[in-house]
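K.L.:
Residues in the sequence shown are numbered from 492 upward in steps of one, following the numbering used here.
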Amino acid sequence: MQWTREQVVQHLTPPPGIVMPPYPKERDRLYRRTLAAISLGFFANALFTYFKWPLAVVIAHGWIALSVFVASMSFLVWISSWRYLVRALAVVGLLLWPWWSLGSWAALLASTAIMAAKETHCFHFSAGRILPWYSLALGIALIAPVPPTLIAVGWLVLAGLWGWLAWARHRLPLFEI
492 MQWTREQVVQ HLTPPPGIVM PPYPKERDRL YRRTLAAISL GFFANALFTY FKWPLAVVIA
552 HGWIALSVFV ASMSFLVWIS SWRYLVRALA VVGLLLWPWW SLGSWAALLA STAIMAAKET
612 HCFHFSAGRI LPWYSLALGI ALIAPVPPTL IAVGWLVLAG LWGWLAWARH RLPLFEI
């Protein structure tokens, strides 16, 4: 579905009583770029996990953590508590990244799942319907005794889903509030 600028503006106008902070076009452009960076990070993580390059996996994890943090800071949502929850999870994921990989992944997957669910709620993206549940399944697989090759395939599928969502979001007009 292709949205017109008027449809997007009408859809993004908050209901009476909700005051949105300013959201310039540059912030939306940054958010779209970070969605693509998240997708590329998941792809790199899949590749490095498959080839068993532990240092490269740590670097890709850091790239994803930083990308999710930047995306959380430019995340557009009416309800401030959701915005702060996404930011808090992204900060936790970034802070835990070098010391506790599993805890960092839990926070990052939760943060990205909320962002994907919000994108789906607002714009009806198909990838966003799948991403929260897939992130949950991948998180469970990370703590289960699953072979690294299957985990790599899991990261690859996640990269594809995020790429699909980033592409769908890129096709919309830039937002400005």
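Every residue, glycine too, gets a C-beta built ideally from N, C-alpha and C.
This structure is a prediction, so every number in the text was calculated from the model and none was measured.
1) Can you list, in chain order, the residues of its chain with a C-beta nearer than 6 Å to that of residue 453? Leave out the 5 residues immediately preceding and following it.
2) Are the beta-carbon atoms of residue 558 and residue 654 separated by less than 8 Å?
3) Residue 645: which of 513, 496, 536 sits nearest, CA to CA?
4) Quick one: grab the DSSP three-state call for residue 612.
5) Taking 8 Å as the threshold (C-beta atoms), are residue 562 and residue 526 in contact?
6) Using 8 Å as the cut-off, can you tell me whether the region 573–585 makes contact with the region 594–610, which would need three or more C-beta pairs spanning the two stretches below that distance?
7) Three Cβ pairs or more, each shorter than 8 Å: is that satisfied between the region 567–577 and the region 598–612?
8) Quick check on this structure: which residue in 515, 506, 534 has the alpha carbon closest to the alpha carbon of residue 643?
9) How is the alpha helix (DSSP H) around residue 667 delimited, first residue to last?
10) With a CB to CB cut of under 7 Å and the five nearest residues on each side skipped, what residues in its chain are close to residue 520?
11) For residue 661, tell me which candidate among 647, 555, 524 has the shortest Cα-Cα distance.
12) With a threshold of 16 other CB atoms inside 10 Å of the CB of residue 542, please say whether the residue is buried or exposed.
13) I'd like the list of long-range same chain contacts for residue 647, defined as Cβ closer than 6 Å, with 5 residues on each side in sequence excluded.
14) My output table needs one value for residue 565: the three-state DSSP class, helix, strand or coil.
15) Quick one: Cα of residue 545 to Cα of residue 514, how far?
16) Counting only runs of 4+ residues fully inside the region 536–596, write out the alpha helix (DSSP H) ranges in chain order.
P.N.:
This is what the structure gives:
1) The shown model of the chain, from 492 to 668, leaves out residue 453, and the question about it has no answer.
2) Here the question's residue 558 lines up with position 67 in the sequence shown. Here the question's residue 654 lines up with position 163 in the sequence shown. Not closer than 8 Å, so no.
3) As a first step, residue 645 is located in the sequence shown; it is residue number 154 there, counting from the start. Closest option to residue 645, Cα to Cα, is 536.
4) The residue given as residue 612 occupies position 121 in the sequence shown. Helix, per DSSP.
5) Within the sequence shown, numbered from 1, the residue matching residue 526 stands at position 35. Within the sequence shown, numbered from 1, the residue matching residue 562 stands at position 71. Result yes, Cβ atoms of residue 526 and residue 562 sit closer than 8 Å.
6) yes
7) Enough Cβ pairs lie closer than 8 Å, so yes.
8) Here residue 643 refers to the residue found at position 152 of the sequence shown. For residue 643, the nearest C-alpha among the options comes from 534.
9) Mapped onto the sequence shown, residue 667 falls at position 176. Note, residue 667: premise wrong, no alpha helix (DSSP H); not H, not E.
10) Working through the sequence shown from its first residue, we reach residue 520 at position 29. If we look at residue 520 and ignore the five residues flanking it on each side, its Cβ neighbours are 665.
11) What you label residue 661 is simply residue 170 of the sequence shown in a count that begins at 1. Comparing Cα positions, the closest option is 524.
12) Sequence index remark: in the sequence shown, residue 542 carries index 51 (1-based). By the 10 Å Cβ count, residue 542 comes out exposed.
13) Translated into the one-based positions of the sequence shown, residue 647 becomes position 156. Excluding sequence neighbours, residue 647 sits near 537.
14) The residue you call residue 565 lines up with position 74 of the sequence shown. Residue state, collapsed to three classes: coil.
15) Start at 1 with the first residue of the sequence shown, and residue 545 comes out as number 54. Start at 1 with the first residue of the sequence shown, and residue 514 comes out as number 23. Cα-Cα distance, rounded: 39 Å.
16) Fully enclosed alpha helix (DSSP H) runs of 4 or longer: 545–564, 571–587.
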